[in-house]
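**Student:** The sequence shown: position 7 = 7 (the UniProt record's numbering), numbered continuously.
Every residue, glycine too, gets a C-beta built ideally from N, C-alpha and C.
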Amino acid sequence: MSQRPVIAIAGLACETSTFTPARTLGGAFHPRRGREVIEKYAFLHHGTRLANVADWKGALIGHALPGGVVVRADFEQLSSEILERLAGMVASNPIHGLWYDIHGAMCVEGIEDVESELLRRIRTVIGPDVLVSASMDLHGNVSRELAHQTDLITCYRMAPHEDALETKERACRNLVNVLTSRPDTWRGNRPLKAWVPIPILLPGEQTSTRNEPAKSLYSLVPEIEAMDGVLDAAIWVGYAWADEPRNHAVVMVTGWNKATIARGAERLASLFWRVHTDFHFVAPTGSFSECIENALASSNRPFFISDSGDNPTAGGSGDVTFGLNQLLKRPEFWKDSCPSVIYASIPGPQAIDIIIKAGVGAIVTVTAGAQVDNLHAGAITMTGRVHAIRYGDRDAEIEAVLQVGSVFTIVTKLRKPYHHESDFIGLGLSPRTTDIVIVKIGYLEPELFDMAAEWMLGLTPGGVDQDLQRLGHHRILRPMWPFDKTFHTAPDLTPRLIPFSNEDLETWQE
């Protein structure tokens, strides 16, 4: 028998809006296989503690930019490859553990609760006794079935997700610690799992851990985790822009003492519910027009505006033209000495072709946007000077900047988020010295947040509209805050003890 446990790595991640007409294809996952998986995570590199105590074997992981529902055939192809690679591992060497590297808010055509379904398929290959540790985004969803299929499960504790790698490492460390507690069998002692569904479904822009009450709520998690008999504690806000029964907040606590994990889970869930009416947007809000008016009136520079309804990192298509159409109609940006503006961004593959042929400095007329989502505005035609062209981006592939009046619009071949100062600098743009910076984003990521002298959250339409009620959820459980303002009875926040993954879920008695 091996002196160290063998741990496989597999998973697919895509935060998926069911309210955008966009579809996500297999290539968007940029799959990594074998050693490529290990190379992605520095905490598994040669010489690290985790690398020294276990044999890590990459099957396949794929992390797609958030978007629309995943095309079924593409998912099936990736799923089949995961199973084939795991089967090959099992045939040559027993697997003792699996790190399940997911987001938790993926939707696939014709499949419900897909992360649970994928893990169910994986279990048919690796067997019921292999211990599975899942790492997730706090905006993922944990159904009762997913809680059952996993043995250990955790999620980020920060939004923005500055602790993403720390969380993944914790999931791996917990798995190794449990496995090596029984080196004679490599099966470990399966932790107990307390699960509490909470009837709350809020967007991340109201639950950022930068702000209260989420800041205090999440600060309680390490305190619960430190209790004797607790292995891990986690709070999932859930994903607000998909319409499945699993979409709601969840608390889970895992550990060795039934009473302790139940008490910890109940404390977290009770506090979450106690403050549910206190959540609010992380920045002043307004319509897109109101945001522009405020930016023009303010002396604070740079003034950032989030065009939030089409945020590609929440699942928006990225090609809604609602905001850009309004922006370019404003006379203030066509006058002498007018304010400088950066707009990021709008996809336009045909526009990119024209821009490339013309070259930097040329005057071109191009049409972009609304090829995927034209529900709120049509394609936009712009005439301007080509300011910059850049090749080779992982997401956009090709980027260009078109100056129209005083507005520097970033046009891309494929959609791309703009979260880092380098994203702009590489295109000859300086957000720090620009008057108004408009980004398709929700809450500002750390680099943008730090440079913004003032910031407003534009409540714009799109696949990740912050006005959840106008999206049209029909399948989420009810009552659900904030969709329902009145609860005739208090929600049942009693922790449910979830059976071990190798026990039957339906016949098991708590």
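(1) Can you list the alpha helix (DSSP H) stretches of 4 or more residues lying completely in the stretch 253 to 325, in chain order?
(2) Looking at R85 and A59, is the spacing between their C-beta atoms short of 8 Å?
(3) Answer with buried or exposed for K357, where buried requires no fewer than 16 other C-beta atoms within 10 angstroms of its C-beta.
(4) Would you give the residue range spanned by the alpha helix (DSSP H) that S422 belongs to?
(5) Can you have a look at K485 and say buried or exposed, based on whether 16 or more other CB atoms are within 10 angstroms of its CB?
(6) Got a sec? Which residues, its chain only, sit under 6 Å from E454 by beta carbon, not counting five neighbours each side?
(7) Relative to the C-alpha of R390, which candidate in H419, V404, A370, V360 has its C-alpha closest?
(8) Using CA coordinates, which residue listed in Y239, I441, N325 is at the minimum distance from V250?
(9) Rounded to whole angstroms, what is the Cα-Cα separation between D129 and C14?
(10) Nearest to R157 by alpha carbon, out of P479, P339, W195, V237?
(11) Less than 7 Å between C-beta atoms, sequence neighbours within five positions excluded: which residues of the same chain meet that for N93?
(12) With distances taken between CB atoms, is the gap from I224 to V253 smaller than 8 Å?
(13) DSSP on T381, reduced to helix/strand/coil?
(14) What first and last residue would you give for the alpha helix (DSSP H) that runs through M89?
(15) Taking the alpha-carbon positions, what's the D467 to W56 distance?
(16) What ranges does the beta strand (DSSP E) occupy inside the stretch 450 to 490, keeping only unbroken runs of at least 3 residues that lie completely in it?
(17) Shorter than 7 Å, the distance from the beta carbon of N174 to the closest heavy atom of the ligand ADP, or not?
(18) CB-CB under 8 Å to L493, same chain, minus the five flanking residues each way: which ones, in chain order?
(19) Do H139 and G204 come within 8 Å of each other at the CB atom, strictly closer than that value?
(20) Tell me whether T54 sits in a helix, a strand or coil according to DSSP, three-state version.
(21) Which of the three DSSP states is assigned to Q403 in this structure?
(22) Let's see if you can read the secondary structure: which residues bound the beta strand (DSSP E) around S133?
(23) Could you give the first and the last residue of the continuous alpha helix (DSSP H) run that contains T367?
(24) What does the Cβ neighbour count give for D232, buried or exposed, with the cut at 16 atoms within 10 Å?
(25) Name the DSSP bridge partner or partners of F408?
(26) Checking the sheet assignment: what are the DSSP bridge partners for K193?
(27) Using a Cβ-Cβ cut-off of 6 Å (strictly less than) and excluding sequence neighbours within five positions of A388, which residues of its own chain qualify?
(28) Closest by CA to T209, which one among E162, N177, E169, K168?
(29) Using DSSP's beta-bridge definition, name the partner residues of E397.
(30) Going by DSSP, which residues form a beta bridge with T16?
(31) May I ask you to report which of helix, strand or coil DSSP gives Y239?
(32) What is the DSSP secondary structure of I354, counted as helix, strand or coil?
(33) Tell me, which residues are paired with G155 by DSSP?
(34) Restricting to Cα atoms, I'd like to know which of K193, P499, L324 is closest to V437.
(35) Measuring CB to CB, does P431 end up less than 8 Å from I305?
(36) Using DSSP bridges, identify the partner residues of R23.
**Tutor:** A quick look at the data gives this:
(1) 258 to 274, 288 to 297
(2) yes
(3) exposed
(4) 421 to 425
(5) exposed
(6) S298, N300, F303
(7) V360
(8) Y239
(9) 28 Å
(10) V237
(11) V6
(12) yes
(13) strand
(14) 72 to 92
(15) 44 Å
(16) 454 to 458
(17) Of the ligands one can find in the structure shown there are none, so the ligand ADP has no counterpart to examine.
(18) V196, I198, E266, A269, S270, W273
(19) yes
(20) One detail in the question is off: residue 54 reads as Ala in this sequence, not Thr. In this structure, A54 counts as coil in the three-state DSSP scheme.
(21) strand
(22) 131 to 136
(23) First-last for T367: 363 to 368, but that is the beta strand (DSSP E), not the alpha helix (DSSP H).
(24) buried
(25) I342, Q403
(26) T254, I498
(27) V401, L427, G428
(28) E162
(29) D393
(30) G67
(31) coil
(32) helix
(33) The sequence as given places Cys at residue 155; Gly does not occur at that position. Partner(s): M136.
(34) L324
(35) no
(36) V69
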